[in-house]
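Residue numbers (my numbering): 59 to 164.
The next block holds one structure in the form of structure tokens; read it before the comments.
In structure tokens:
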């Protein structure tokens, strides 16, 4: 799938206000179709509250979902305002994922 198609599907699932952070486009381009589907299924589970988020130690009004597929070097962070809307989906290499986690207090 193309990057814009993935973004549109994610916005349908998580809301139009969703922002894409990190090297999102580059990571999606490198993902095979099976991994892209895995990302979309994970996002749907987050939206349906089938996965439990972690509260951010740095911001008590923020909930965080972590995407850790079996691929070694790709990680994601989905943030959501408590009792409200999804804010952003960060997708990048492990190194930048660690920096994003630290920003959120993990």
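C-beta atoms are modelled at their ideal positions from N, C-alpha and C, and glycine is treated no differently.
Worksheet item: Can you check whether the CB of residue 163 is closer than 8 Å to the CB of residue 6?
Response: The chain is shown only over 59 to 164; residue 6 falls outside these bounds and no answer can be derived.
Worksheet item: Touching or not, the segment 134 to 150 and the segment 100 to 113, by the rule of three or more beta carbon pairs under 8 Å?
Response: Because the criterion of three Cβ pairs below 8 Å is met, the segment 134 to 150 and the segment 100 to 113 touch.
Discussion item. Suppose only complete runs of 3+ residues qualify. What are the beta strand (DSSP E) ranges in the segment 70 to 100, listed by chain order?
Written reply: As far as the segment 70 to 100 is concerned, its whole beta strand (DSSP E) runs of at least 3 residues are 77 to 80.
Item to complete: Can you grab the Cα-Cα spacing for the pair residue 99 / residue 160, in whole Å?
Response: Stepping through the chain shown from its first residue, residue 99 is reached at position 41. Stepping through the chain shown from its first residue, residue 160 is reached at position 102. Using only the alpha carbons, I get a separation of about 26 Å.
Practice prompt. Check whether the Cβ atoms of residue 147 and residue 68 lie closer than 8 Å to each other.
Written response: One-based indexing of the chain shown puts residue 147 at position 89. One-based indexing of the chain shown puts residue 68 at position 10. Yes, they are a contact pair.
Worksheet entry | Those residues which DSSP pairs with residue 151 across a bridge | As a working mapping, residue 151 is identified with position 93 in the chain shown. For residue 151, which the question treats as bridged, DSSP gives the partners 132.
Worksheet entry | Contacting residues, own chain, Cβ-Cβ under 7 Å from residue 73 (five flanking each side not counted) | For the purposes of this step, residue 73 is taken as the residue at position 15 of the chain shown. Closer than 7 Å at Cβ, skipping near neighbours: 143 and 144.
Fill in: Reduced DSSP secondary structure (H/G/I, E/B, other) of residue 160
Stepping through the chain shown from its first residue, residue 160 is reached at position 102. Here residue 160 sits in helix by DSSP.
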